[in-house]
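Its first residue numbered 37, the sequence shown is counted upward by one per residue in our numbering.
Note that beta-carbon positions come from the ideal geometry of N, C-alpha and C, so glycine has one too.
No experiment lies behind these values; they were computed from the predicted model shown.
To keep things clear, I will list the structure first and then write my remarks on it.
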Amino acid sequence: MENFPSLVIDPALATLWPNTALGLMGLEARVFADTSSIWEEFERKTGPQLRKDLSTIPLAQMPGIGEARSAFKAFGTDPGRYRVSSEALYRRLRQGKDIYRINSLVDTNNVLSLQCGHSCGIYDAAAIAGNVVLRLGLEGETYQGLGKGSLPLQNMPLLSDDAGPFGSPVSDSNRTMVTQDTRRALLVVYAFCGKDSLAPLLEKAGALFARLAGARILYTTII
């Protein structure tokens, strides 16, 4: 885990939702901008069946979504106002909208989230300051969410380092976003249904990032 932060879950958060778990993967890759091949594979392998499922299955019954909504309620955050990123991606797909294309690591991260139903965040490891805790946001805390402007963070589960909050299951911050200058990245899978599904999911994630983004997997762990 050299050059990667350690990460813990704050006990106060875990008390409110004991099934909170995180899947972590450190990876190394050269980020590229043209992600057409990533989405071509998605349309071949995942898109058609997922759209079919979304046309008949309520969002709350899609994998990972119901548990995330219940966890947010337990934390004191309205899940109808602040949706986890996987639900936001499902909604875009169900509405026939395109998924944003950013770069190879971000787009592969979104494919993973669409496949598993969990919110997944990917962060530039070099931009993280010190070690990280998953905790609830404090009164008055905000950051500039990617594509969302100022995001209020009170009572929201978030990742915080020595410089303050930088990521959440809803939207991540500009400070730690992956760019074409990123060389090492930290993948975080936010799970609110316990640890059991995370080991096979991280194995799948490693294969996905290696194939679609040319990444070298440096470590995986579950907390």
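CA-to-CA, the gap between N39 and A161 works out to about 7 angstroms. Residue ranges of uninterrupted beta strand (DSSP E) with 3 or more members, entirely inside the segment 142-229 and ordered along the chain, are 155-160, 168-172, 178-181, 185-188, 193-197, 200-203, 220-227.
When G230, I135, R171 are compared, the shortest CA-CA separation from G183 is found for I135. Collapsing the DSSP output to three states places G116 in coil. Annotated as distal: G59 and V214, with beta-carbon spacing of 7 angstroms or more. In the three-state reduction of the DSSP assignment, G250 falls in the coil class, being assigned neither a helical nor a strand state. For A110, DSSP assigns no beta-bridge partner whatsoever. C152 is positioned such that its CB atom lies no closer than 7 angstroms to that of N145.
Residue state for I74 is assigned as helix, using DSSP reduced to three classes.
The beta carbons of I158 and A227 sit no closer together than 7 angstroms. Distance between S42 and H154, taken at the CA atoms: about 21 angstroms. At least 7 angstroms separates the beta-carbon of L141 from that of A241. Under the three-state reduction of DSSP output, T257 falls in the strand class. Under the three-state reduction of DSSP, I135 is assigned to coil, being neither helix nor strand. Nearest neighbour of T218 by Cα position, chosen from G62, R137, I258, G100, turns out to be G62.
As the crow flies, the alpha-carbon of D198 is around 42 angstroms from that of Q85. C-alpha of L195 to C-alpha of L189: approximately 11 angstroms in a straight line.
Contact check for T212 against A163 passes: the beta carbons are separated by less than 7 angstroms.
For I93, the secondary structure class from DSSP, reduced to helix, strand or coil, is coil. Excluding the 5 residues flanking it on each side, I253 has same chain C-beta neighbours closer than 6 angstroms at L63, G242, in chain order.
The alpha-carbon separation between D143 and L49 amounts to approximately 29 angstroms.
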